[in-house]
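Protein chains in written order, with the numbering used here: chain L, 14 to 129; chain G, 30 to 145.
By construction, the Cβ of each residue, glycine as well, lies at the ideal position given by its N, Cα and C atoms.
Notes for the one structure printed next.
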Amino acid sequence: DAGVIQSPRHEVTEMGQEVTLRCKPISGHNSLFWYRQTMMRGLELLIYFNNNVPIDDSGMPEDRFSAKMPNASFSTLKIQPSEPRDSAVYFCASRIRGQTGADTQYFGPGTRLTVL
Amino acid sequence: GNSVTQMEGPVTLSEEAFLTINCTYTATGYPSLFWYVQYPGEGLQLLLKATKADDKGSNKGFEATYRKETTSFHLEKGSVQVSDSAVYFCALSESGRGSTLGRLYFGRGTQLTVWP
Numbered sequence: 014d015a016g017v018i019q020s021p022r023h024e025v026t027e028m029g030q031e032v033t034l035r036c037k038p039i040s041g042h043n044s045l046f047w048y049r050q051t052m053m054r055g056l057e058l059l060i061y062f063n064n065n066v067p068i069d070d071s072g073m074p075e076d077r078f079s080a081k082m083p084n085a086s087f088s089t090l091k092i093q094p095s096e097p098r099d100s101a102v103y104f105c106a107s108r109i110r111g112q113t114g115a116d117t118q119y120f121g122p123g124t125r126l127t128v129l
Numbered sequence: 030g031n032s033v034t035q036m037e038g039p040v041t042l043s044e045e046a047f048l049t050i051n052c053t054y055t056a057t058g059y060p061s062l063f064w065y066v067q068y069p070g071e072g073l074q075l076l077l078k079a080t081k082a083d084d085k086g087s088n089k090g091f092e093a094t095y096r097k098e099t100t101s102f103h104l105e106k107g108s109v110q111v112s113d114s115a116v117y118f119c120a121l122s123e124s125g126r127g128s129t130l131g132r133l134y135f136g137r138g139t140q141l142t143v144w145p
C-alpha cells in the first residue's frame, strides 16, 4: 500500500518566492495534519483537517502560511512570501478519525525546505 | 492543557545495553499515549501505544507502560542494537468527544545513538 506521499522531497528557493508543498494522504483516511520540524522548536503542528475542513490552524505561524484541502486525496501548504526562517522539514500525516483518539497517524517522508 | 516532557538527549549506548527514555505528561482528560520513532531522513512512524492506565504497549523489543499515578510512559528496551539508532518521540492524544479528538501533542524528541 502506498503511504502518505509528499512532494517535492527537497525544495531550495530564494527569499520572497512562493513555495507550495503537496501531500496525498492514505486513501480512506479522513484526517490530515501538517507539521514543521526544526532543531530549535522541535515538531510543531501547523494545521489539521477533518473531512477536508480545517479544524485548528492556530499553529500556522503567520499570514504568509496558508493550507488547503480541496478534496480527500490532496492538500497543499503554501508559503508566500518565503523567508529564511521558514527553512525546516515539513511533514504531512493522515489517519482515520475514530472514536477514541487512539488512532495512529501515518507520516509522509517530509519536504526539506531551504530558503536562501 | 496537554503537554509532554521527555528526557533531553542525546543518549549514547553500546550495543546490548539497556535503554530507558523517560516521558511524563500533563493532560486534561484520559489520553492515549504513544511512542513514535524517526529514522534518519524519514518521517515518524508509530512504535507502540497504550490507551488506558496500566496498559503496556510493546513492539520490536521496546515496551512502555501507561502509569496514571505518576503520569508517565517511559520507553524501555532490554538490549539495544545499532539499528535502533533514531529519534524517539513521546506523544499523547486527547480522548473523549470533540473536534480536537486525536490531535497529537509531541515531546521534543530524544536522539539515541547505539555504537557496535
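- Contiguous beta strand (DSSP E) elements confined to the segment 88–142 of chain G occur at 91–94, 104–106, 115–122 and 133–135, taking only those with 3 or more residues.
- Under DSSP, Q118 of chain L forms no beta bridge with any residue.
- Per DSSP, T80 of chain G is not a residue of any beta strand (DSSP E), being assigned neither H nor E.
- Closer than 8 Å to the CB of Q118 of chain L there is at least one CB belonging to chain G.
- Excluding five sequence positions before and after A79 of chain G, the CB atoms of its chain that fall closer than 6 Å to its own CB belong to L62, G86 and Y95, given in chain order.
- Ranking G:V109, G:N31 and G:T53 by CA distance to the CA of T99 of chain G puts G:T53 first.
- If the five residues before and after F135 of chain G are omitted, its C-beta is found closer than 8 Å to the C-beta atoms of V33, Y65, F118, C119 and A120, all from its own chain and listed in chain order.
- Interface residue (Cβ-Cβ distance to chain L less than 8 Å): R137 of chain G is classified as such.
- Residue pairing for G55 of chain L: DSSP places it in a beta bridge opposite L:T51.
- In this structure the segment 25–32 of chain L does not lie against the segment 55–75 of chain L, because fewer than three pairs of beta carbons, one per stretch, are closer than 8 Å.
- By the beta-carbon neighbour count (other beta carbons within 10 angstroms, threshold 16), S122 of chain G is buried.
- The way I'd put it, the segment 102–113 of chain G doesn't touch the segment 89–105 of chain L; fewer than three beta-carbon pairs between them come closer than 8 Å.
- Here DSSP, grouped into helix, strand and coil, assigns R35 of chain L to strand.
- At least 8 Å separates the CB of L104 of chain G from every CB of chain L.
- Rounded to the nearest whole angstrom, the C-alpha separation of N63 of chain L and G72 of chain G is 21 Å.
- A straight line joining the alpha-carbon of M52 of chain L with that of P38 of chain L spans about 26 Å.
- Taking C-beta atoms as the reference points, D116 of chain L and R110 of chain L count as a pair closer than 8 Å.
- For G72 of chain G, the chain L residues whose Cβ falls inside 7 Å of its Cβ are F104, F120, G121, P122 and G123, in order along the chain.
- DSSP, reduced to helix, strand and coil, places D99 of chain L within a helical segment of the structure shown.
- Assignment of N84 of chain L by DSSP, reduced to helix, strand and coil, places it in the strand class.
- Setting aside the 5 residues that flank it on each side, V40 of chain G is surrounded in the same chain by L48, I50, T139, Q140, L141 and T142, each with a C-beta closer than 8 Å to its C-beta; the list follows chain order.
- Distance check between V116 of chain G and each of G:D84, G:G107 and G:R137 places G:R137 closest, using alpha-carbon atoms only.
- Rounded to whole angstroms, A56 of chain G and L133 of chain G show a C-alpha spacing of 12 Å.
- Short of 8 Å from the beta carbon of P67 of chain L, and not among the five residues preceding or following it, lie these beta carbons of its own chain, in chain order: I60, Y61, A80 and M82.
- The secondary-structure analysis by DSSP pairs N63 of chain L across a beta bridge with L:S44 and L:V66.
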